[in-house]
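Residue 1 is where the sequence shown starts when you use the UniProt record's numbering, and the numbers rise one by one after that. Glycine residues also receive a C-beta, built at the ideal position from the N, C-alpha and C atoms. These numbers come from a predicted model, not from an experiment. Notes for the one structure printed next.
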Amino acid sequence: MSRLTDLIAKAKAKDAALGAELDREFKMLSSRLPFGLNFERHSPEAVELPLRPIRKGDKVRVMPKRGSTKKGDERLWRVKSIQRSKKIAALELLGAAEIETQTVSVDDLVVVAEFRDTIYPGLVSTGKVLRGGEKPHHSVINGENFHVLKMLTYTHRGNVDAIYIDPPYNSGASDWKYNNNYVGEDDLYRHSKWLAFMERRLLIAKELLKPSGTLIVTIDEHEVRRLGLLLEQTLEGFTIQQVTIVINPKGVTQGYLSRVEEYAFFCFGPESKIFAGDDDLLTTTDSKASDDGHARPRWKGLLRSGDEAERKDREQMFYPIWINPKTKKIVKAGQYLPLEQEPDFNLTDADGNVAVWPVRKNLTLGRWGVGVSTFNDLVKKGFVALGAYDKKRKSWGFSYLSEQLRKEVEDGTLVVLARDPVTGVADVVYDGAATKKVRTVWHRKRHDAGAYGTDLVGKFLGNGRAFPFPKSLYAVEDALRIIVRGKPDAIILDFFSGSGSTAHAVMRLNRQDGGRRQSICVTNNEVRSDEQAALRQAGLRPGDPDWERLGICDYVTKPRVAAAIRGKTPDGQAIEGDYKFIDEFPIAEGFEENAEFFTLTYETPLSVSHNLAFSRVAPLLWLRAGARGSRIDKLPADGWAVADAYALLNNADAATPFIKALGKVDGVRIAYIVTDDDRRFQAIAKRLPDGVEPVRLYESYLTNFSFTNGE
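Structure below.
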């Protein structure tokens with residue numbers, strides 16, 4: 001609707017009466033907005049692609065002259081023709097009432113992709129680090145994250161275990177762009193632009209997650225309330241919890257109070273399962289290890305306390321519990337006593353068992369925490385224990401395993417180690433090191449974003465390189481551990497990866513339990529806003545090598561990930577110091593991991609031959625097959641090829657030797673079959689070895705990877 005207000009203003013300027021009528025109708029329409037979080041969708045969202053070659057038919061902007069710090073021509077033009085010999089392009093203004101043309105040097109143009117445009121993504125490898133043997137590769141992708149997400153719907157739809165993102169906080173400090181313009185505090189549509197920007201990406205992220213997957217979004221106070229509502233509207237069927245994380249114990253004065261925290265929304269998919277940890281991240285009182293090395297949970301008191309704890313509040317929960325005071329064995333619960341009857345505190349039976357009634361500390365009659373049938377079922381399972389006798393109350397204490405703890409027994413987090421031979425009470429312990437449910441408030445020294453974010457990133461990059469406000473490595477690690485602790489082959493995505501903390505955290509998690517998890521980190525190569533003016537004054541522009549080398553991806557993300565694996569700075573110096581807390585070892589040891597770096601490309605079926613197109617989409621086939629082992633980068637001359645994790649048949653007539661070769665290789669997950677003939681594809685698919693997924697590719701390769709923005 002912000003676009004409509006602009007158009008109405010133009011109409012008023014040309015025809016005041018018509019403009020006033022349009023304005024009146026618009027206000028009536030906008031007053032009937034639906035219930036919920038309402039905001040402008042601000043379509044189309046446009047992104048400049050400075051590395052994309054200029055082609056006929058492209059939408060472009062004319063950049064400002066070199067050395068100028070002023071804004072360039074914000075209008076969009078269509079390239080009608082290009083004279084390659086003179087490197088000039090003939091342009092026509094888009095959306096103009098009257099035709100306007102101009103001729104401009106190709107070097108002064110930048111391609112613009114709007115939200116509604118069809119894109120043909122490809123990937124070009126820009127380097128790799130190999131120290132992990134046969135482990136899957138971590139991927140770092142330099143590209144506009146919306147376009148990369150669309151690409152990932154081909155390679156990873158419904159296959160991602162966890163998404164961790166730290167999006168722009170929209171603080172008003174011009175820390176992010178919308179339609180090539182920094183969004184500042186004075187922008188009246190600042191919040192709705194941010195919500196529209198986030199909604200588009202969250203909708204695709206939802207497509208990528210497994211039903212058991214989890215999305216984690218970190219945020220601060222500027223957008224936390226709006227983000228919570230957006231997540232509720234976007235992620236129907238998810239369970240959403242907000243976590244408060246102390247990231248700066250010293251505090252930052254904002255308004256009247258000193259802020260020490262940020263927030264994280266954990267959005268659990270409909271089939272999500274989380275894993276208990278060694279630390280609840282707030283307290284250490286829930287359970288403790290005994291002399292035998294086992295950690296045990298805290299059982300719940302059976303006598304009801306607090307609200308609705310009197311006998312009259314729940315008549316059917318006032319009943320006698322029969323016990324043997326000598327053996328301390330609980331026998332059973334008797335029937336409840338109606339309110340009009342008084343209990344007999346001297347009630348015994350022929351076997352010497354006595355009846356115990358619920359009596360509160362103030363000596364009034366209370367009630368138990370569960371009903372008769374539930375109690376007797378718990379006794380049979382050994383989940384109720386007898387405590388000490390209270391002379392004042394003339395009653396005994398009881399404790400039992402709460403419903404939440406019983407669920408943990410069912411899912412294997414808690415196990416029954418043994419049962420008392422006399423009383424039958426179960427000795428319930430945590431399985432392994434997983435002992436605590438993580439709380440919704442985190443207060444740990446290792447989450448300090450200054451010491452373990454900013455300072456740590458600087459140590460890995462060296463030479464004064466910096467990244468503004470990186471997350472604590474250990475805070476990211478703790479967040480992911482909850483989700484992927486029991487998933488050693490999990491895939492973790494971060495499409496606002498910034499300094500690369502997510503990839504770094506996944507590598508640490510792998511080292512701790514021998515996992516083979518892989519991360520996909522997506523970031524653009526935007527140069528920091530406070531550095532751009534000096535670069536422009538020096539005559540540089542986006543797309544120039546000296547500009548691009550200072551962008552986030554090339555200057556921070558890729559070097560940080562490589563440094564973490566190698567244990568050396570980009571200059572080759574061994575990184576000093578040790579990792580701390582959960583897994584302490586010298587940083588210079590690095591990690592036994594693999595990583596490959598890519599840049600997103602934009603292809604066109606009109607100007608790219610099939611062979612070149614295939615080389616750009618080859619990494620997509622490899623990513624879909626698990627980003628593991630060798631890659632088929634060129635169309636095989638024999639009509640087929642087999643790599644470590646996948647195979648390609650590009651000539652259906654060679655199906656027989658292809659299938660024979662597949663039978664001799666272990667570990668192949670996918671067979672890509674190139675054919676436009678559906679019946680032929682089905683016939684070949686039936687002959688594939690068990691466990692090999694057939695995936696069809698059309699002969700015009702780019703057709704397989706076309707995505708319309710905003711569909």
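Helix, strand or coil for residue i per DSSP?
i, result
"L229", "helix"
"K10", "helix"
"H156", "coil"
"A563", "helix"
"G301", "strand"
"P211", "strand"
"A333", "strand"
"Y169", "coil"
"P694", "strand"
"Q518", "strand"
"R41", "coil"
"P470", "coil"
"V217", "strand"
"R201", "helix"
"Y182", "strand"
"R296", "strand"
"K580", "coil"
"D175", "strand"
"Y189", "coil"
"G572", "coil"
"F146", "helix"
"I274", "coil"
Can you name, in chain order, every residue of its own chain whose Cβ lies under 7 Å from the Cβ of residue i, other than the five neighbours on each side?
i, result
"F26", "L4, I8"
"D546", "L540"
Examine chain B for any beta-carbon lying closer than 8 Å to the beta-carbon of residue i, and answer yes or no.
i, result
"G366", "Looking at the structure shown, chain B is missing, and only one protein chain is on hand."
Considering residue i, what are the terminal residues of the alpha helix (DSSP H) in which it resides?
i, result
"residue 783", "Here the chain comprises residues numbered 1 to 711, so residue 783 is not present and cannot be evaluated."
"T656", "655 to 662"
"F681", "678 to 686"
"L473", "473 to 484"
"V674", "Segment 670 to 674 is the beta strand (DSSP E) holding V674; no alpha helix (DSSP H) there."
"A97", "That residue, A97, is in no alpha helix (DSSP H); it is neither H nor E in DSSP."
"Q404", "403 to 410"
"S139", "Per DSSP, S139 belongs to no alpha helix (DSSP H); it is in the beta strand (DSSP E), 137 to 142."
"E310", "Careful: E310 lies outside any alpha helix (DSSP H) and carries neither H nor E."
"A534", "529 to 537"
If you drop the 5 nearest sequence neighbours on each side, which residues of the same chain put their C-beta closer than 6 Å to that of residue i?
i, result
"V217", "I165, F265"
"G334", "Y319, P320"
"E315", "L339"
"L227", "I219"
"K135", "R516, N594"
"T285", "Reliability fails at T285, whose pLDDT of 47 lies under 50, so the model's placement of it is uncertain and the value that follows must be treated cautiously. Once the five neighbours on either side are set aside, T285 has no close Cβ partner at all."
"L123", "F598, P619"
"residue 775", "The structure shown does not extend to residue 775, since the chain spans only 1 to 711, so no value can be given for it."
"P168", "D175, W176"
"R52", "V111, Y602"
By the DSSP assignment, the beta strand (DSSP E) with residue i in it spans what residues?
i, result
"W322", "321 to 324"
"F265", "261 to 268"
"N510", "Looking at the DSSP string, N510 is not in any beta strand (DSSP E); the run it does join, the alpha helix (DSSP H), is 501 to 513."
"L417", "414 to 419"
"L395", "The amino acid occupying residue 395 in the given sequence is Ser; Leu does not appear at that position. Taken as a continuous stretch (DSSP letters only), the beta strand (DSSP E) holding S395 covers 395 to 400."
"D494", "491 to 494"
"R116", "No beta strand (DSSP E) holds R116; DSSP gives it neither H nor E."
"D427", "426 to 430"
"D546", "Segment 545 to 548 is the alpha helix (DSSP H) holding D546; no beta strand (DSSP E) there."
"D73", "73 to 83"
Go through its chain and collect everything with a Cβ distance to residue i's Cβ below 8 Å, but skip five positions before and after it.
i, result
"L702", "Y120, E603, T604, P605, V608, A613, V617"
"L49", "V110, V111, V112, A113, E144, Y602"
"K177", "V183, E526"
"L94", "K59, R75, L76, W77, R78"
From the DSSP secondary-structure annotation, give me the bridge partner or partners of residue i.
i, result
"G122", "T601"
"Q254", "L257"
"T103", "A90"
"I245", "E262, W442"
"L648", "A641, Y672"
"D108", "Bridge partners of D108: none, in fact."
Alpha helix (DSSP H) segments (min. 4 residues) lying fully within the stretch 592 to 642: For the stretch 592 to 642, whole alpha helix (DSSP H) runs of length 4 or above, ordered along the chain, are 610 to 624.
Whole beta strand (DSSP E) elements within the stretch 352 to 386, 3-residue minimum: If we require 3 residues or more, the beta strand (DSSP E) runs fully inside the stretch 352 to 386 come out as 354 to 356.
Segments assigned alpha helix (DSSP H), at least 4 residues, entirely inside the stretch 43 to 67: Runs of the alpha helix (DSSP H) lying entirely within the stretch 43 to 67 and spanning at least 4 residues: none are present.
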